[in-house]
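Protein chains in written order, with the UniProt record's numbering: chain A, 1 to 295; chain B, 1 to 139.
Right under this line is the structure:
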């Protein structure tokens, strides 16, 4: 029990926890270094894990000092935020789910609590309970901060990937003079179909394309919304003076479209090859088979 | 040719006759009154000259609102009644997207990528045979 505390003159729980964290900095960091979270992230050396643990302990002490144990935005956390999110990201890269990372973070609490209980063995039970509650709250906030930063990192990653997907998923291919094609792959939502429409129309202008082929072989399902997007693209291309051909409608999709009662009022061809043949024919360049002379 | 003629201030869009085709070039923002004036001018000119085609180049138009969209459709319909085909040429992608989002797909209108392609289209195709018919997809 700290010597500066006279009997009956106990420090507030927050300050008690702060002093405890300062006093036991080394021991806490050592114990944390053995926990799976630190052990698996800092694989190079144990000292590194201990150092990282000390930084976190210091941050916790600073938060306790500022009396903001419940506030995840407390100034003390800002320094460890990046480190925590790096640790969380490393664990999730290793294949752990959010829940597992969260429970690994929760596992950091018992060692600290045991140390606190040992330290305050002779203190009144109410005081021990109050301090222990404060510590629990503080550790809970730490967990929240770690999960917050990890989640925001994942959010940024998924935003980036969505943008990349939009760029990658809509190539406009020039098949021939005046014929462009867009092979659509994956589910069409509003955002994607907007990008498809814009890139296709721009390609129509740039390449003076009289024919635009929309190949939907890679589209898994067509519902009324997707059909509407397709029709919009076709109508916009027509307004610009290009003709759209939809190709690659799979049998199951054809059935769905009929069952839904949708009116796909466009020129359709079974495959991309057929669509190209049609467009070439319209442009006055027929494909002939030099061998048998029959198709 | 005077400055006033090439840049009309009275709300008239010049209608040029090229053989069997009337050529109209729209530029920039078009006032509603100017659009209506054009509609009237065109119908009078068609009936006076008996041309078989009208080519409207809108490559210089950045914004087409629902009013201008409707005027274009009406021009096409009235020209068809006067036995002339209307081709709208050079629509920009942004304009096409706006019109489609507005629900104006202008089904009765023929379109072409450029003025040149529009002239080809008018030269190739026979005069309309179905006045006021529904949507006509060029084969």
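From the three backbone atoms N, C-alpha and C, an ideal C-beta is built for every residue, glycine too.
Please report the residue range of the alpha helix (DSSP H) in which residue 65 of chain A lies.
The sequence position of residue 65 of chain A within the first chain is 65, counting from 1. Residues 46-65.
Exposure of residue 62 of chain B, with buried meaning 16 or more beta-carbon neighbours within 10 Å:
Taking the second chain and counting its residues from 1, the one referred to as residue 62 of chain B is at position 62. So residue 62 of chain B ends up on the exposed side.
Excluding the five sequence neighbours on either side, which residues of its own chain have a C-beta within less than 7 Å of the C-beta of residue 22 of chain A, listed in chain order?
Start at 1 with the first residue of the first chain, and residue 22 of chain A comes out as number 22. Taken in chain order, the residues that qualify are 61.
Would you decide whether residue 238 of chain A is buried or exposed? Buried here means 16 or more other CB atoms lie within 10 Å of its CB.
Here residue 238 of chain A refers to the residue found at position 238 when the first chain is read from its first residue. So residue 238 of chain A ends up on the buried side.
Which runs of the alpha helix (DSSP H), 4 residues or longer, sit entirely within the segment 91-163 of chain A?
98-106, 109-119
Which residues, in order along the segment 230-244 of chain A, keep a beta-carbon less than 7 Å from a beta-carbon of chain B?
232, 235, 236, 238, 239, 240, 241, 242
State the DSSP-derived secondary structure class of residue 27 of chain B, mapped to helix, strand or coil.
Your numbering for residue 27 of chain B matches position 27 in the second chain. Residue 27 of chain B: strand per DSSP, three-state reduction.
Of the residues B:119, B:22, B:101, B:11, the one placed nearest residue 230 of chain A, counting alpha carbons only
For this step, residue 230 of chain A is matched to residue 230 along the first chain. For residue 230 of chain A, the nearest C-alpha among the options comes from B:101.
Tell me which same chain residues have a C-beta within less than 8 Å of the C-beta of residue 69 of chain B, skipping the five on either side of it?
For the purposes of this step, residue 69 of chain B is identified with residue 69 of the second chain, where counting begins at 1. Cβ within range, chain order: 99, 102, 104, 106.
For residue 198 of chain A, would you say it is in contact with chain B, using Cβ-to-Cβ distances shorter than 8 Å as the test?
Counting from 1 along the first chain, the entry for residue 198 of chain A is found at position 198. Answer yes: the Cβ-Cβ gap between residue 198 of chain A and chain B drops below 8 Å somewhere.
By alpha-carbon positions, which one of A:186, A:225, A:190, A:174 ends up nearest to residue 202 of chain A?
Residue 202 of chain A sits at position 202 when you count from the first residue of the first chain. Nearest option by C-alpha distance: A:174.
Quick one: grab the DSSP three-state call for residue 288 of chain A.
As a first step, residue 288 of chain A must be located in the first chain, where it is residue number 288. If DSSP states are grouped into helix, strand and coil, residue 288 of chain A belongs with coil.
Classification of residue 85 of chain A by the beta-carbon crowding that lies within 10 angstroms, buried from 16 upward:
Reading the first chain from its first residue, position 85 is the one you call residue 85 of chain A. With 16 or more other Cβ atoms within 10 Å, it is buried.
Assuming residue 56 of chain B is part of the alpha helix (DSSP H), what are its boundary residues?
Along the second chain, one-based indexing puts residue 56 of chain B at 56. Unbroken run through residue 56 of chain B is the beta strand (DSSP E), 53-60; no alpha helix (DSSP H).
Give the residues of chain B in contact with residue 180 of chain A, contact being defined as C-beta atoms less than 7 Å apart.
On the first chain, position 180 is the one that residue 180 of chain A refers to. Here the premise fails: no neighbours, minimum Cβ distance about 12 Å.
Residue 16 of chain A versus residue 114 of chain A: straight-line alpha-carbon distance, rounded:
Start at 1 with the first residue of the first chain, and residue 16 of chain A comes out as number 16. Start at 1 with the first residue of the first chain, and residue 114 of chain A comes out as number 114. If you take the alpha carbons of residue 16 of chain A and residue 114 of chain A, they lie about 15 Å apart.
So is residue 160 of chain A buried or exposed if we call it buried at 16+ other beta carbons inside 10 Å?
Translated into positions along the first chain, residue 160 of chain A becomes position 160. With fewer than 16 Cβ atoms within 10 Å of its Cβ, residue 160 of chain A is classed as exposed.
Residues of its chain near residue 11 of chain B, where Cβ-Cβ distance is below 8 Å and the 5 sequence neighbours each way are ignored:
Position 11 of the second chain, counted from the start, is the residue given in the question as residue 11 of chain B. Excluding positions up to five away in sequence, the list reads 31, 33, 34, 37.
How do the segment 71-91 of chain B and the segment 37-48 of chain B stand: do at least 3 beta-carbon pairs fall below 8 Å, yes or no?
yes
Within-8 Å CB hit, residue 98 of chain A to chain B:
Position 98 of the first chain, counting from 1, holds the residue named residue 98 of chain A. Cβ-Cβ to chain B under 8 Å: no for residue 98 of chain A.
Host alpha helix (DSSP H) of residue 201 of chain A (start-end)
Position 201 of the first chain, counted from the first residue, corresponds to residue 201 of chain A. Its alpha helix (DSSP H) spans residues 190-206.
Residue 36 of chain A beta carbon less than 8 Å from that of residue 141 of chain A:
Numbered from 1 along the first chain, position 141 holds the residue referred to as residue 141 of chain A. Numbered from 1 along the first chain, position 36 holds the residue referred to as residue 36 of chain A. Contact: no.
N- and C-terminal bounds of the beta strand (DSSP E) containing residue 16 of chain B:
Working through the second chain from its first residue, we reach residue 16 of chain B at position 16. Element bounds for residue 16 of chain B: 15-18.
By Cβ distance, which residues of its chain are closer than 8 Å to residue 70 of chain A, with the 5 residues on each side in sequence left out?
Stepping through the first chain from its first residue, residue 70 of chain A is reached at position 70. Contacts found: 137, 141.
Consider the Cβ of residue 106 of chain B: report whether some Cβ of chain A lies at a distance smaller than 8 Å.
Here residue 106 of chain B refers to the residue found at position 106 when the second chain is read from its first residue. Taking Cβ atoms only, chain A reaches closer than 8 Å to residue 106 of chain B, which makes this a yes.
Residue interval of the alpha helix (DSSP H) (run including residue 93 of chain B):
Within the second chain, numbered from 1, the residue matching residue 93 of chain B stands at position 93. Residue 93 of chain B -> alpha helix (DSSP H) spans 93-102.
Pairs of beta-carbons, one from the segment 42-50 of chain A and one from the segment 162-182 of chain A, closer than 8 Å: are there three or more?
no
Please report whether the beta-carbon of residue 174 of chain A lies at a distance below 8 Å from any beta-carbon of chain B.
Position 174 of the first chain holds residue 174 of chain A. Not one chain B Cβ lies under 8 Å of residue 174 of chain A.
Residues of the segment 200-230 of chain A with Cβ closer than 8 Å to any Cβ of chain B, in chain order
201, 202, 204, 205, 208, 209, 210
Under 8 Å between beta-carbons, which chain A residues line up against residue 13 of chain B? List them in chain order, please.
As a first step, residue 13 of chain B is located in the second chain; it is residue number 13 there, counting from the start. Neighbours of residue 13 of chain B on chain A: none; closest Cβ ~20 Å, over 8 Å.
Do residue 14 of chain A and residue 134 of chain A have their C-beta atoms within less than 8 Å of each other?
By one-based count along the first chain, residue 14 of chain A stands at place 14. By one-based count along the first chain, residue 134 of chain A stands at place 134. Yes, they are a contact pair.
So which residues on chain A does residue 119 of chain B lean against when the C-beta distance must stay under 9 Å?
In the second chain, the residue the question calls residue 119 of chain B occupies position 119. By Cβ distance, chain A contributes nothing, its closest Cβ being about 12 Å from residue 119 of chain B, past 9 Å.
Please report the Cβ distance between residue 216 of chain A and residue 248 of chain A, rounded to the nearest whole angstrom; I am assuming they are in contact, meaning their Cβ atoms lie under 8 Å.
As a first step, residue 216 of chain A must be located in the first chain, where it is residue number 216. As a first step, residue 248 of chain A must be located in the first chain, where it is residue number 248. The pair is a contact, with the Cβ atoms about 5 Å apart (cut-off 8 Å).
Look up residue 33 of chain A in the DSSP assignment and say whether it is helix, strand or coil.
Here residue 33 of chain A refers to the residue found at position 33 of the first chain. Three-state result, residue 33 of chain A: helix.
When the Cα of residue 20 of chain B is compared with those of B:110, B:54, B:41, which residue comes out closest?
Residue 20 of chain B sits at position 20 when you count from the first residue of the second chain. Ranking the options by Cα distance to residue 20 of chain B, first place goes to B:54.
Rounded to whole angstroms, what is the Cα-Cα separation between residue 190 of chain A and residue 260 of chain A?
Looking up residue 190 of chain A in the first chain gives position 190. Looking up residue 260 of chain A in the first chain gives position 260. Rounded to the nearest angstrom, the two C-alpha atoms are 19 Å apart.
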